[in-house]
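The structure appears right after this line, and notes come after that.
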Amino acid sequence: VLDIESIGESAAFLAGEGTYREVPESWVTRQVERHGFRVVASKQFTMTLSTTSLKSQISYAKDTLREIQDPNLRKAYEERTKALEKEMLKWKKGKSHKNARNYAIVVQ
3 VLDIESIGES
13 AAFLAGEGTY
23 REVPESWVTR
33 QVERHGFRVV
43 ASKQFTMTLS
53 TTSLKSQISY
63 AKDTLREIQD
73 PNLRKAYEER
83 TKALEKEMLK
93 WKKGKSHKNA
103 RNYAIVVQ
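Adding 2 to a residue's 1-based position in the sequence shown gives its number in this note's numbering.
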C-alpha cells in the first residue's frame with residue numbers, strides 16, 4: 003500500500019509537477035505555534051484506502067511518468083507500476099486498507 007501511495011508522488015516530482023503530499027501533524031503544530039497561533043483542538047482518524055482509490059493512484063502514476071525526461075528512469079517507473087497493478091489483482095473487489103491515518107487541526 004505504501005508503494006502505491008508513494009509512486010504517483012515520486013513520478014510527479016521527477017516529471018517536474020507539483021505534489022500534494024500531506025505533512026506530519028507534529029510539523030504543522032510547530033509551524034502554527036511558531037507563527038503565534040495556538041492549536042485549540044486536534045483529532046486523528048482512520049483513513050480507508052479502497053481498492054478503487056489505490057488503483058487510481060497507480061493510474062495517476064502511469065499518466066504522470068510519461069513526463070519523466072530520463073528514459074531509463076521512466077522505464078523503471080513503467081515496470082514498477084505494472085508490478086503494482088499485478089499485485090492489485092490479488093486484492094478482492096471491495097477490499098480496503100484501514101491502517102492509514104489522517105488528522106484535523108483547529109487553530110486560533
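Beta carbons are placed, not taken as given, at the ideal position from N, Cα and C, and that holds for glycine. The structure presented is a predicted model; accordingly, all values stated were derived computationally and were not measured.
For residue i, three-class secondary structure by DSSP
i: PHE39; result: coil
i: ALA102; result: strand
i: ILE60; result: helix
i: VAL30; result: helix
i: ARG54; result: Here residue 54 is Thr; the residue named in the question, Arg, does not match the sequence. In the structure shown, THR54 sits in a helix (DSSP, three-state: H, G or I).
Beta carbon proximity, residue i to chain D, threshold 8 Å
i: ALA78; result: Included in the structure is just one protein chain, with no chain D present.
Per-residue burial, residue i [other beta carbons within 10 Å of its own, 16 or more giving buried]
i: THR54; result: exposed
i: THR83; result: buried
i: LEU75; result: exposed
Range of the contiguous alpha helix (DSSP H) that encloses residue i
i: ILE9; result: 4 to 16
i: PRO73; result: 73 to 91
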